[in-house]
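What follows is a set of notes on a single structure, which appears directly below.
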Amino acid sequence: MNTADFLLELAPEDSIALAEAGREYTFAELRTSVSVLIGRLSVLGLNPGAPVGIMAPNGLFWVSAHLAALRMGLVVVPLAITLPADEVVARARWVGAEALLVGRAQAKALRLSLPRSIAVVVERKERLIPQQRSESVDLSEAVEVDPDHDALYMFTSGTTGDPRAVRLTHRNIQANTTSILGYLDITSADRMLVVLPFTYAFGLSLLHTHLRAGAALVIQSTSVFPQAVVDRIASARCTGLAGVPSTFGMLLRNSTFGTSALPSLRTVQQAGGRLAPVLVEQMRHAQSQAEVFMMYGATEATARLSYLPPDQLARRPGSIGRAIPGVDLRVLDGDGVPVVPGEVGEIWASGANISPGYLDDPEATTRKMPGGMLRTGDLAKVDDDGFIYVVDRIEDFIKSWEHRIDGQEIEDVVLGLPDVVAVAAVGLPDEVAGERVELMVVRQRGSGLRAADVIAHCRVRLSKHMVPEVVRFVGALPLNANGKVVKRDVRAMCLQLAEESAGRQEFVGPAVSDDSAGGPSTSRPGRRAPENVARTAVSTA
1 MNTADFLLEL APEDSIALAE AGREYTFAEL RTSVSVLIGR LSVLGLNPGA PVGIMAPNGL
61 FWVSAHLAAL RMGLVVVPLA ITLPADEVVA RARWVGAEAL LVGRAQAKAL RLSLPRSIAV
121 VVERKERLIP QQRSESVDLS EAVEVDPDHD ALYMFTSGTT GDPRAVRLTH RNIQANTTSI
181 LGYLDITSAD RMLVVLPFTY AFGLSLLHTH LRAGAALVIQ STSVFPQAVV DRIASARCTG
241 LAGVPSTFGM LLRNSTFGTS ALPSLRTVQQ AGGRLAPVLV EQMRHAQSQA EVFMMYGATE
301 ATARLSYLPP DQLARRPGSI GRAIPGVDLR VLDGDGVPVV PGEVGEIWAS GANISPGYLD
361 DPEATTRKMP GGMLRTGDLA KVDDDGFIYV VDRIEDFIKS WEHRIDGQEI EDVVLGLPDV
421 VAVAAVGLPD EVAGERVELM VVRQRGSGLR AADVIAHCRV RLSKHMVPEV VRFVGALPLN
481 ANGKVVKRDV RAMCLQLAEE SAGRQEFVGP AVSDDSAGGP STSRPGRRAP ENVARTAVST
541 A
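Counting in the UniProt record's numbering, the sequence shown runs from 1 upward without gaps.
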């Protein structure tokens, strides 16, 4: 079955599919919107299997574009709206995109950057739902697709230098959607508040599962203003909320989420990184009527791999639970043997949801997915009942806000500064963001390079979520016997320097906007740096 048909198969025509900007759309209206975009795409002469990018905010246009492309047998390439124009072009070229479906604001930003070889379909919201019946386009028969053909190219993270796209098939999507619905009791009566972008695997899984269940998605453009999220849950009578650590850090610390009466809320989903134990405990009591699902997954697994049942949350703090239906999770030692309880090994996964590999990267595919199994790169323990506890990550990805970030990509950009000898990017624990990006930089002797220069350099070359918050100058980076930087030691040094510099001067960079009044600001909206922090760098050089 075509994945678009699979997702819409069970939805009642008159049920609400989407709510955004004061307007609700039924599934019948969504189908009409999909047909309109199919009509616009059909004139481009695209053949099944052609990649098409989508770059737009969450909403009717994004969902319609996604379903239209799937129904035509095209490969969907989600592109974050935070990407710089040159990176959008690089990624589009990388995957061989033949067309881009873009929001109106994004079209303006891209108009001078896109090559003529890529067709552009710009959002025309007033035309998505025709006012006259005669204007609508009949929903043509879906293109039959091989279940093992690619349906999605999902970027894990990346700059223009080294993008990596995860291939996800129609079988992957349908299998993972079915598995998630096997443990989440989602019905057509549910209304999920969506604060995560559909360009993120977790956010996209919310779209897929709720479409399949015939449930409604209530679009909230951002979680930066947590009180607005609380107010929207109440006003829209949302039954579900899903987020990453930063989502719940802000809700629990900077809103009335824990004290507001939200009787409609019955399910909370958390994934995308480890939520601090203190916040897990607060979450348990914040809305006691709601069941809290702690979950674990990966883009290479379509989205979800495991979940912890709500009734185990108090008994097994810190656990990611056990495998979801249809998935086999194992924690193996270096010889591929399952570890005994209490020992540390790497999480391996198999199932119909596992990606067939990375686009045009057989070496990485062989390394990460040998024999069709996924090496997650996460170290973990198991208890006597088989519940899994992540203790560390082999690959040093940083999970900050709603994104999974590869620190090496940040390092590549910083090394473009001629005065930088060496740099290490790491994630440090942050109750609000999950992790914050910090840099440890070695300058040339006598260099006048400032932390502000590094931040400014990153700001124009990286997506906003990748710009570091803190820059620390040191005399040397910690190296092992092979001359490789030891990231664990870098993190320890950053924590030590933070403690030693408490009350002294350190730099918290204005990565989004400078404070014209001269006061300190952070690189994330909605958060201010301590008033005693100055705009200079800690240096042990």
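Positions of the beta carbon are idealized from the N, C-alpha and C atoms, including for glycine.
{"query": "M192 versus A28 - alpha carbon distance", "result": "19 Å"}
{"query": "Three or more C-beta pairs below 8 Å linking the region 333 to 343 and the region 286 to 297", "result": "no"}
{"query": "Beta-carbon contacts of P309 that lie in its chain and below 6 Å, excluding the five residues immediately before and after", "result": "none"}
{"query": "Option nearest R404 by Cα separation, candidates T259, L374 and M154", "result": "M154"}
{"query": "Sequence ranges, alpha helix (DSSP H) only - wholly within the region 164 to 188, length at least 4", "result": "170 to 183"}
{"query": "Check whether I233 and L329 have beta carbons under 8 Å apart", "result": "no"}
{"query": "DSSP-derived helix/strand/coil call for V454", "result": "helix"}
{"query": "N-terminal and C-terminal residue of the alpha helix (DSSP H) that I410 is part of", "result": "G407 to V414"}
{"query": "For P317 and Q282, the rounded distance between their alpha carbons", "result": "12 Å"}
{"query": "Minimum length 4: unbroken alpha helix (DSSP H) runs contained in the region 36 to 74", "result": "60 to 71"}
{"query": "Spatial neighbours of F198 in its chain, beta-carbon cut-off 6 Å, leaving aside the 5 residues before and after", "result": "N58, W62, L204 and L207"}
{"query": "Pairwise C-alpha distance: V485 and L439", "result": "13 Å"}
{"query": "Buried or exposed (CB count within 10 angstroms, at least 16 for buried), S288", "result": "exposed"}
{"query": "Those residues which DSSP pairs with R316 across a bridge", "result": "For R316, which the question treats as bridged, DSSP gives no partner whatsoever."}
{"query": "Range of the contiguous alpha helix (DSSP H) that encloses E500", "result": "K487 to E500"}
{"query": "8 Å Cβ shell around A236 - same chain, five flanking residues per side excluded", "result": "A19, R191, L193 and V218"}
{"query": "G49 vs V75 beta-carbon contact at 8 Å", "result": "yes"}
{"query": "CB contact flag (G272, V244, <8 Å)", "result": "yes"}
{"query": "Cα-Cα separation, R304 to A298", "result": "7 Å"}
{"query": "Euclidean distance between Cα positions of G372 and Y296", "result": "19 Å"}
{"query": "DSSP-derived helix/strand/coil call for G446", "result": "coil"}
{"query": "Cβ neighbour criterion (16 or more within 10 Å) applied to N47", "result": "exposed"}
{"query": "For H403: DSSP bridge partner residues", "result": "S400"}
{"query": "Own chain partners of D333 with C-beta closer than 6 Å, once the 5 adjacent residues on each side are dropped", "result": "V339 and G345"}
{"query": "Endpoints, beta strand (DSSP E) assigned at K381", "result": "L374 to V382"}
{"query": "Bridge partners - V88, DSSP secondary structure assignment", "result": "For V88, which the question treats as bridged, DSSP gives no partner whatsoever."}
{"query": "R237 in three-state terms, based on DSSP", "result": "coil"}
{"query": "Continuous alpha helix (DSSP H) assignments of at least 4 residues falling wholly in the region 251 to 306", "result": "277 to 286"}
{"query": "Cutoff 6 Å; reference S260; Cβ partners in own chain excluding five residues on either side", "result": "V230"}
{"query": "For A21 and N254, the rounded distance between their alpha carbons", "result": "24 Å"}
{"query": "Paired residues, beta bridge with P429 - DSSP", "result": "E435"}
{"query": "Within 8 Å, strictly: CB atoms of V95 and A56", "result": "no"}
{"query": "Nearest neighbour of E409, chosen from C458, D419, P418 and L67 [CA to CA]", "result": "C458"}
{"query": "Contact check, R284 vs A314, beta carbons under 8 Å", "result": "yes"}
{"query": "Residue environment, V391, which counts as buried when at least 16 other CB atoms sit within 10 Å", "result": "exposed"}
{"query": "Cβ-Cβ distance between F257 and L275 below 8 Å", "result": "no"}
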